[in-house]
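Novice: Protein chains in written order, with the numbering used here: chain A, 127 to 242; chain B, 10 to 590.
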Amino acid sequence: MKTTILSLFLLCAPLALASEVKENWSIGNTAIEFVQVPPRGFLLNTSCYHAKEKCQAFRETLKREPLVMANDGGKNPGSAVCKKRGGSVVIAMSAIDETQGFCVFADKSMASLDAF
Amino acid sequence: MLTLLSIIAATLISNSALAGMCGGSRNSVNIPPLQVQDQDGLGTCYANQASLLIQNALGRRQPVSYQQLGMAYAGHRAQVLNLPNSSLVRVRDNGDRSFVTEGGDGCQAFAAAREQGFCDSRSFQALERSGSEDPDRVQAYYLMLVANFFDSQRRSLRGVSEEGWANLENNIANFLVEQRQSCELSTMDYMAISFGARTSEMISAASFIEQACTIGYPLCGKPVSPTEADAIRNALASFRSRNYDVDRTPIPNARNVRLNAEAVRQLTGRSVAMTSNNWGRAFSDLLTQQVEASLVQTLPAARARELAQSLLPRADITYAATQARDSRIPRVECTDPWAAYATLTRRGLNLSQATSSTATCVDPGVLSQQSLGEIEQFAARVTASLREQQSGGLRERLRSLISILAPRCAEQLDTNRGLLNQLTCKEIRLNPSLGEVRGPHVQADDSLVARGVSAPARRQGADAQIERALCAGRAVGVDVCTAFMNYPAPVDTEFCSRQLPGIAGHGYHAMTIVSSEVLPNGKKRYLVQNSWGSSCDFPLTRNGSGLMSCEYNGIRTTGRFWVDSDLMLNNTISLNILQGR
């Protein structure tokens with residue numbers, strides 16, 4: 127029985143790991159690994175993703191708000207929500223110079239702005 | 010009749026779509042991928058759009074700086090509208106600040122780039138590159154700093170002309186020295202240093218006054234003589250022995266007296282207007298700010314005069330001391346970056362800040378050395394740039410701003426400007442009620458808002474323009490009301506101006522169409538690239554399902570979403586297409 131369970135675990139573990147889609151974004155000179163959170167696909171830093179409710183960013187992403195535009199110029203609504211919840215925005219870059227805003231919370235956990 | 014025409018037009022659209030795209034049998038058309046951008050809390054969507062259109066039209070791999078486009082737009086628009094002295098900052102009715110770079114028009118941003126050049130975003134380290142924390146705050150900080158600095162210098166130097174400009178650099182240097190000292194030293198040390206007498210080793214009173222009168226404060230007059238310098242040293246020593254300190258306790262009482270007097274004076278005959286509580290509150294707040302600001306200005310001035318009179322009975326030295334007072338940084342501003350900024354520009358002070366302040370900068374770390382260093386470097390660049398742009402309008406000032414914020418960007422402007430010479434921007438309006446002044450390099454197309462064009466025909470015409478552009482490999486800028494992005498039904502009509510239930514909180518936004526596809530059911534959809542990072546699904550209706558999709562052939566797109574063509578065009582204000590080359 128134990129052998130069967132162990133075999134199943136060994137069989138499934140790589141699949142579970144493989145299902146995690148990861149992305150690397152750089153903030154300044156620091157590369158940070160993020161995980162796409164299904165089904166919506168927003169990003170959480172990997173340690174937060176695994177810490178679940180213990181992580182502030184994870185908890186904040188459970189509260190989603192309707193789209194509210196602020197003034198002129200199509201500001202990213204996620205930016206306003208981030209600040210409203212006590213976070214601060216930092217812009218990260220991909221290897222091909224794409225930009226992505228992340229909300230950084232007090233415990234240093236991070237979620238992409240589209241999480242809100 | 011109108012209905013019949015609409016049906017015919019709709020049929021034509023479907024038939025046209027089914028007939029294949031780009032004159033062939035294709036059912037989709039795509040342009041090469043464009044950079045995904047995240048504008049954060051900056052109101053630069055139109056500049057993001059222009060950035061993508063330029064990147065696409067020139068076939069560039071390097072992203073184009075939307076920050077720089079936004080600032081170029083501001084200067085360009087001021088020129089088109091003949092507003093040479095426009096401020097970089099405006100204050101909304103609700104008191105919020107906004108900047109000339111917030112909100113705009115994609116074609117005009119292009120036109121600005123064609124006239125002023127553009128930059129690669131890699132050359133714009135400070136604002137839109139990796140690691141910028143709270144870019145909107147950073148932008149706000151810098152723009153406010155620059156705007157008010159320009160304004161204050163222009164005001165203060167209005168009557169001084171060449172002499173004042175020539176001494177500006179030293180003026181700033183003195184100013185910054187005081188800033189730093191204010192956060193590093195105790196009140197007494199700071200005060201002493203401000204007036205030149207902390208220790209003889211550091212700075213002598215004579216040299217300070219001499220500096221103030223000959224270099225830092227050009228209005229003061231001639232240098233002091235050696236005899237006068239000795240007298241100044243003695244007077245300062247005497248002053249220091251009196252244990253002079255900043256005491257703000259008179260401010261609250263003085264404020265109340267002044268407030269009452271001002272209220273009586275200003276409200277005489279206006280009691281009717283006060284029936285509105287909101288107005289009354291707004292007035293009261295405004296009045297309070299005015300009085301507080303004047304008090305903050307007045308009381309230190311009195312002390313400055315006291316100090317000056319204790320030194321020498323010389324009118325010009327009184328003036329120097331007054332100016333020195335102006336350079337002094339109140340302590341509360343060390344507790345908040347915005348307040349620090351307010352102090353740097355000597356604006357926005359109010360009594361709540363003043364009265365809550367302590368006499369010392371208790372925590373030098375709050376306004377960090379790094380920040381001060383950045384400000385110093387920044388101001389040094391402002392100084393250098395100002396010297397070259399003494400008589401320029403907003404456009405020139407913005408050009409200066411580019412050179413200050415992004416020197417490498419400034420180097421690219423002229424080179425890149427030449428690349429756009431063969432392009433024009435075609436602006437196709439879909440909403441007749443929203444006009445925009447069109448300057449050079451913008452070709453206006455109002456045919457779709459001509460009298461008699463029905464909504465279906467308008468959509469058909471717009472779709473034809475979009476398809477033509479995409480088939481030619483050109484992305485299409487689309488200016489919309491965002492209501493359709495989470496409203497459960499097609500919004501149509503008056504866009505953001507209509508107050509439909511559940512539609513509040515929407516505004517105008519610029520995005521870019523990068524692909525088009527005809528589905529098996531004959532419906533057409535567009536792939537729209539936004540500038541909100543990777544986001545492509547939005548908080549939809551509280552109970553609704555997706556109006557848009559991130560998926561394409563089973564793959565999640567990044568920063569782009571699919572939307573029904575009719576739904577989008579119903580909510581579209583205008584299209585922007587680059588032509589030529």
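Just so it is clear, CB atoms sit at the ideal spot from N, CA and C, and this is done for glycine as well. On a predicted model such as this, the values are computed, not experimentally measured, just so you know.
Of the residues 114(B), 69(B), 91(B), which one's Cα is nearest the Cα of residue 129(B)?
Specialist: Translated into the one-based positions of the second sequence, residue 129(B) becomes position 120. Closest by C-alpha distance to residue 129(B), out of 114(B), 69(B), 91(B), is 69(B).
Novice: Hey, how far is the Cα of residue 115(B) from the Cα of residue 177(A)?
Specialist: Mapped onto the second sequence, residue 115(B) falls at position 106. Mapped onto the first sequence, residue 177(A) falls at position 51. Near 43 Å, if we compare the C-alpha coordinates of residue 177(A) and residue 115(B).
Novice: Within 8 Å (strictly less), CB to CB, does residue 338(B) reach chain A?
Specialist: Mapped onto the second sequence, residue 338(B) falls at position 329. In this prediction, residue 338(B) scores a pLDDT of 34, lower than 50, which makes its location untrustworthy; the coordinate-derived value is nonetheless stated afterwards. No, because no Cβ of chain A sits closer than 8 Å to the Cβ of residue 338(B).
Novice: Which residue wins for smallest C-alpha separation from residue 567(B), given the options 124(B), 523(B), 576(B)?
Specialist: Along the second sequence, one-based indexing puts residue 567(B) at 558. The candidate whose alpha carbon is nearest that of residue 567(B) is 523(B).
Novice: If you follow the alpha helix (DSSP H) that residue 207(A) is part of, which residue opens it and which one closes it?
Specialist: Against the first sequence, residue 207(A) aligns to sequence position 81. That run of the alpha helix (DSSP H) goes 203-210.
Novice: Can you have a look at residue 457(B) and say buried or exposed, based on whether 16 or more other CB atoms are within 10 angstroms of its CB?
Specialist: If you number the second sequence from 1, residue 457(B) lands on position 448. Residue 457(B) should be labelled buried.
Novice: Bridge partners for residue 518(B) per DSSP, in chain order?
Specialist: Position 509 of the second sequence, counted from the start, is the residue given in the question as residue 518(B). According to the DSSP secondary-structure assignment, residue 518(B) is paired through a beta bridge with 489(B).
Novice: Less than 8 Å between C-beta atoms, sequence neighbours within five positions excluded: which residues of the same chain meet that for residue 480(B)?
Specialist: Numbered from 1 along the second sequence, position 471 holds the residue referred to as residue 480(B). Taken in chain order, the residues that qualify are 30, 31, 32, 38.
Novice: Below 8 Å between beta carbons: does that hold for residue 56(B) and residue 82(B)?
Specialist: Position 47 of the second sequence holds residue 56(B). Position 73 of the second sequence holds residue 82(B). Cβ distance < 8 Å, so residue 56(B) and residue 82(B) count as in contact.
Novice: When we look at the beta-carbon of residue 147(A) and count the other beta-carbons within 10 Å, is it buried (16 or more) or exposed?
Specialist: Here residue 147(A) is taken as the residue at index 21 of the first sequence, counted from 1. Exposed, by the Cβ-count rule.
Novice: Are residue 47(B) and residue 169(A) close, meaning C-beta to C-beta below 8 Å?
Specialist: Taking the first residue of the second sequence as position 1, residue 47(B) is located at position 38. Taking the first residue of the first sequence as position 1, residue 169(A) is located at position 43. In this structure, the beta-carbon distance from residue 47(B) to residue 169(A) does not fall below 8 Å.
Novice: With distances taken from CA atoms, which of 493(B), 34(B), 520(B), 576(B) is nearest residue 533(B)?
Specialist: Your numbering for residue 533(B) matches position 524 in the second sequence. The shortest Cα separation from residue 533(B) among 493(B), 34(B), 520(B), 576(B) belongs to 576(B).
Novice: So residue 571(B) contacts chain A; which residues on that side make the cut at Cβ distance below 9 Å?
Specialist: Numbered from its first residue, the second sequence carries residue 571(B) at position 562. Within 9 Å Cβ-Cβ: nothing; residue 571(B) doesn't reach chain A, min ~15 Å.
Novice: Judging by CA-CA distance, which residue of 520(B), 538(B), 123(B), 35(B) is the nearest neighbour of residue 84(B)?
Specialist: In the second sequence, residue 84(B) corresponds to position 75, counting from 1. Checking every option, the nearest Cα to that of residue 84(B) belongs to 123(B).
Novice: Name the one or two DSSP bridge partners that residue 156(A) has.
Specialist: Translated into positions along the first sequence, residue 156(A) becomes position 30. Its beta-bridge partners are 153(A).
Novice: Should residue 239(A) be flagged as near chain B, meaning a C-beta pair shorter than 8 Å?
Specialist: Working through the first sequence from its first residue, we reach residue 239(A) at position 113. So, interface residue.
Novice: For residue 223(A) and chain B, any beta-carbon pair shorter than 8 Å?
Specialist: In the first sequence, the residue the question calls residue 223(A) occupies position 97. So yes, residue 223(A) belongs to the interface.
Novice: Residues of chain A with a CB under 7 Å from the CB of residue 421(B): which are they?
Specialist: For the purposes of this step, residue 421(B) is taken as the residue at position 412 of the second sequence. Near residue 421(B) there are no residues of chain A at all, since even the closest Cβ is about 16 Å away, more than 7 Å.
Novice: Between the alpha carbons of residue 190(A) and residue 210(A), how many angstroms are there, rounded?
Specialist: Working through the first sequence from its first residue, we reach residue 190(A) at position 64. Working through the first sequence from its first residue, we reach residue 210(A) at position 84. Their backbone Cα atoms lie some 13 Å apart in a straight line.
Novice: Out of curiosity, what's the CA-to-CA distance linking residue 475(B) and residue 459(B)?
Specialist: Position 466 of the second sequence, counted from the start, is the residue given in the question as residue 475(B). Position 450 of the second sequence, counted from the start, is the residue given in the question as residue 459(B). Going from the Cα of residue 475(B) to the Cα of residue 459(B) covers about 19 Å.
Novice: Can you look up residue 230(A) in the DSSP assignment and give me helix, strand or coil?
Specialist: Here residue 230(A) refers to the residue found at position 104 when the first sequence is read from its first residue. Residue state, collapsed to three classes: strand.
Novice: For the stretch 148-176 of chain A, which residues have a CB atom closer than 7 Å to at least one CB atom of chain B, in sequence order?
Specialist: Along the stretch 148-176 of chain A, the positions whose C-beta sits under 7 Å from a C-beta of chain B are 152, 153, 154, 166, 167, read in chain order.
Novice: Taking just the CA atoms, how far does residue 172(A) sit from residue 434(B)?
Specialist: Position 425 of the second sequence, counted from the first residue, corresponds to residue 434(B). Position 46 of the first sequence, counted from the first residue, corresponds to residue 172(A). Residue 434(B) and residue 172(A) have their C-alpha atoms roughly 44 Å apart.
Novice: Can the beta-carbon of residue 61(B) be found closer than 8 Å to that of residue 43(B)?
Specialist: Here residue 61(B) corresponds to residue number 52 of the second sequence, with the count starting at 1. Here residue 43(B) corresponds to residue number 34 of the second sequence, with the count starting at 1. Yes, the pair counts as a contact, with Cβ atoms nearer than the cut-off.
Novice: Taking only three categories from DSSP, how would you classify residue 223(A)?
Specialist: As a position in the first sequence, residue 223(A) is number 97, starting the count at 1. Coil, per DSSP.
Novice: Out of curiosity, what's the CA-to-CA distance linking residue 588(B) and residue 40(B)?
Specialist: Here residue 588(B) corresponds to residue number 579 of the second sequence, with the count starting at 1. Here residue 40(B) corresponds to residue number 31 of the second sequence, with the count starting at 1. Using only the alpha carbons, I get a separation of about 15 Å.
Novice: For residue 227(A), which residues in chain B fall below 7 Å Cβ to Cβ?
Specialist: Position 101 of the first sequence, counted from the start, is the residue given in the question as residue 227(A). What residue 227(A) touches in chain B: 47, 49, 542.
Novice: I'd like to know if residue 212(A) contacts chain B, where contact means its C-beta is closer than 8 Å to some C-beta of that chain.
Specialist: Taking the first residue of the first sequence as 1, we reach residue 212(A) at position 86. By this cut-off, residue 212(A) is not an interface position.
Novice: For residue 186(A), is the classification buried or exposed, using 16 other Cβ atoms within 10 angstroms of its Cβ as the cut-off for buried?
Specialist: Walking along the first sequence from the start, residue 186(A) turns up at place 60. Under this definition residue 186(A) is a buried residue.
Novice: Tell me which residue opens and which closes the alpha helix (DSSP H) that residue 63(B) is part of.
Specialist: Numbered from 1 along the second sequence, position 54 holds the residue referred to as residue 63(B). Looking at the DSSP string, the run of the alpha helix (DSSP H) that includes residue 63(B) is 54-67.
Novice: Quick one: list the residues of chain A neighbouring residue 44(B), beta-carbon separation under 9 Å, in chain order.
Specialist: Walking along the second sequence from the start, residue 44(B) turns up at place 35. Under the 9 Å cutoff, chain A gives 222, 223, 224, 225.
Novice: Taking Cβ to Cβ, would you say residue 215(A) is nearer than 8 Å to residue 49(B)?
Specialist: Within the first sequence, the letter at position 89 stands for residue 215(A). Within the second sequence, the letter at position 40 stands for residue 49(B). In this structure, residue 49(B) lies closer than 8 Å to residue 215(A) by Cβ.
Novice: Please identify, using Cβ separations under 7 Å, the residues of the stretch 428-439 of chain B that lie next to chain A, in order along the chain.
Specialist: none
Novice: Using a C-beta cutoff of 8 Å, does residue 189(A) count as contacting chain B?
Specialist: Locating residue 189(A) in the first sequence gives position 63, where the first residue counts as 1. Answer no: the Cβ-Cβ gap between residue 189(A) and chain B never drops below 8 Å.
Novice: Specify, as a first and last residue, the run of the alpha helix (DSSP H) that residue 570(B) falls within.
Specialist: The sequence position of residue 570(B) within the second sequence is 561, counting from 1. Residue 570(B): not part of any alpha helix (DSSP H); member of the beta strand (DSSP E) spanning 569-573, first to last residue.
Novice: Using only alpha-carbon positions, find the residue among 90(B), 86(B), 127(B) that is nearest to residue 112(B).
Specialist: Taking the first residue of the second sequence as 1, we reach residue 112(B) at position 103. When 90(B), 86(B), 127(B) are compared, the shortest CA-CA separation from residue 112(B) is found for 86(B).
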